[in-house]
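Okay, structure first, notes after.
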RNA sequence: GCCUCCUUCGUCUAGUGGUUAGGACAGUGGAUUUUCAUUCCACCAACACGGGUUCGAUCCCCGUAGGAGGUACCA
């Protein structure tokens, strides 16, 4: 089978992590099966269209490492890949359906539809179209058509849907799902009065014309899947294989939304997540490999991804766990890769400085953006201190002063020795004075970095150099003695 | 309301007609360590409930409950 899979978002807002997961699974499935992955823009709702969203879509997917063989920006043999540029096509196919008796024009005004709905609500009847325009005789129809034309209103095209029988959707994940046709929405609109198709028509026409083999989409589409099957059948087309993916929820069990935290890919990126970390986490939300392996690169996922390891149940998005995967991903980076990612963040660092300092902080970073703060001391000597910070446990301020004074001679030429040698010197001097290495280092750390937490001190001493560290220790001594 | 889907530790999940029900995150306690972090070790913690089928059910069937999604000229 020729595998062709697509990701078809609506450009209504910034790319959502849920969408990214759908795109990721679609992409991985295509890759694992040696097929094609393509992008299609479903911009059929003019009122919700957002121009920024399109650029954000490409940016977010590229950032994640997902590439597409065909799409709005790169073209391809089945284009155009933007639905607003395919309007004639949808009209033509809608007409075809009307001529075959599978669809009809509806002239009902929004006002009539509103009144109908209110009436149904009042009487606690099931909501839905009353098929008014399906029952029109020829003369009635031409009158209504003429009136609509006079009002400058375009009719909509509705699917002529049967209420008898059942429709079965074969889902690769969920199995056979049957639904009574009487439970389907009554004669849904296929072509809107603005000339745009609804999702239903656009999905069926495009996935047929673009020869989509598998449709991976969120489970919120499951209820309308039988309708889509009916549409394919009305056209006499082959139904693609469906895979309805489980939803991603927030901590409270509701569909993941902004109030749960970051939801846009862009936000995760700005918050200092790596693409590798986010992708690794997302891959494991609703999919698993086996009972133990959990770390995967995109390339590895492309090899091992398969539909039969998908989960059927919805998954709660765990921000703590993404953090964990992100930390791991950062630690997996080479220094050169980390440098490339952090350069925009650490603009005041030279290449040589980055090469020196990054190994010191790499395993301490939970987020990329943490680097700026973690290395703040490099170009900024502490200007204020907290006295108590200098004092190691069980010692007093006098001891802290004594330690700093004892450290001064040891700092001379620090950069000419390796870290082990410097450590041995401090350890030995500490023993003479009756202090543990930890006691020796704390006042120094505070003097040089400004606080009780810092990257490893011997690396810092070596990189900062004798002159700078001596200056900082002297300043700290002056502060303590003042 | 109606329709559809789902149900293993708090969370993500593995798994089997007979297992001490496995891993990961989080949490707790330790070890290592110049702080922090990393790393390592240990602990805590689950088969929603009720009926069947069966020698035996977490696993198969049926109900119940709970959760979610859908019910638009939005996707």
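In this note's numbering, the protein residues as written are 1 to 482. Positions of the beta carbon are idealized from the N, C-alpha and C atoms, including for glycine.
Query	Result
Can you find the residues in the same chain that come closer than 6 angstroms, C-beta to C-beta, to residue 350, ignoring five residues on each side of it along the sequence?	none
Go to residue 22, then tell me how far its alpha helix (DSSP H) extends in each direction, as first and last residue.	17–32
Tell me whether residue 186 sits in a helix, a strand or coil according to DSSP, three-state version.	coil
Determine the direct distance from the alpha carbon of residue 220 to that of residue 246, and round the result to whole angstroms.	9 angstroms
Per the DSSP calculation, residue 37 is bridged to which residue(s)?	5
So is residue 439 buried or exposed if we call it buried at 16+ other beta carbons inside 10 Å?	buried
Enumerated in chain order, which unbroken segments of the beta strand (DSSP E) with a length of 3 residues or greater are wholly contained in the region 69–140?	103–106
Can you grab the Cα-Cα spacing for the pair residue 107 / residue 88, in whole Å?	20 angstroms
In terms of residues, what are the limits of the alpha helix (DSSP H) holding residue 200?	199–209
Evaluate residue 213 with the Cβ neighbour count: other Cβ atoms within 10 Å of its Cβ, from every protein chain shown; 16 or more gives buried, anything less gives exposed.	buried
Return the residue from the list 119, 134, 133 that minimises the CA-CA distance to residue 127.	119
Going by CA-CA distance only, name the one from 100, 300, 91 that's closest to residue 205.	91
How many Å lie between residue 6 and residue 138 at the Cα?	42 angstroms
How many angstroms separate the CA atom of residue 261 from the CA atom of residue 281?	16 angstroms
So the candidates are 207, 46, 174, 222; which of them puts its Cα closest to the Cα of residue 184?	222
Label residue 484 either buried or exposed according to how many other C-beta atoms from any shown protein chain fall within 10 Å of its C-beta, with 16 as the threshold for buried.	Because the chain in this structure spans residues 1 to 482, residue 484 falls outside the shown range and cannot be described.
When burial is assigned at 16 or more other CB atoms within 10 Å of the CB, is residue 296 buried or exposed?	buried
Quick check: residue 176 and residue 167, are their CB atoms within less than 8 angstroms of each other?	no
Count the other C-beta atoms from every protein chain shown that fall within 10 angstroms of the C-beta of residue 387, then say buried if there are 16 or more, exposed otherwise.	exposed
If the criterion is Cβ atoms closer than 8 angstroms, does the pair residue 312 and residue 144 meet it?	no
Pick from 352, 456, 256: whose alpha carbon is nearest that of residue 17?	256
If contact is defined by three or more beta carbon pairs under 8 angstroms, each pair taking one atom from either stretch, is the region 345–363 in contact with the region 418–437?	no
What residues are listed by DSSP as bridge partners for residue 214?	5, 241
Please classify residue 36 as buried or exposed, where buried requires at least 16 neighbouring CB atoms within 10 angstroms.	buried
Bridge partners for residue 180 per DSSP, in chain order?	166
In the DSSP assignment, find the beta strand (DSSP E) that holds residue 331 and state where it starts and stops.	No beta strand (DSSP E) holds residue 331; the alpha helix (DSSP H) holding it covers 319–332.
So what's residue 385 in DSSP terms, helix, strand or just coil?	coil
Mind checking which residues open and close the alpha helix (DSSP H) that includes residue 458?	457–464
Short of 7 angstroms in beta carbon distance, which residues of its chain neighbour residue 58, apart from the five on each side in sequence? Order them along the chain.	73
Write down the C-beta distance between residue 29 and residue 216 rounded to the nearest angstrom, noting that I regard them as a contact closer than 8 angstroms.	7 angstroms
Measuring CB to CB, does residue 133 end up less than 8 angstroms from residue 93?	no
Determine, using beta-carbon pairs with one atom in the region 298–309 and one in the region 261–272, whether at least three such pairs fall under 8 angstroms.	no
Just to confirm the assignment, what range does the alpha helix (DSSP H) spanning residue 159 have?	Note, residue 159: premise wrong, no alpha helix (DSSP H); beta strand (DSSP E) at 156–159.
Do you know whose CA, among 122, 253, 200, lies nearest residue 157's CA?	200
Could you compute how far the alpha carbon of residue 97 sits from the alpha carbon of residue 22?	31 angstroms
Run through the region 365–421 for me and flag every whole alpha helix (DSSP H) of 4 or more residues, listed as ranges in chain order.	370–374, 397–411
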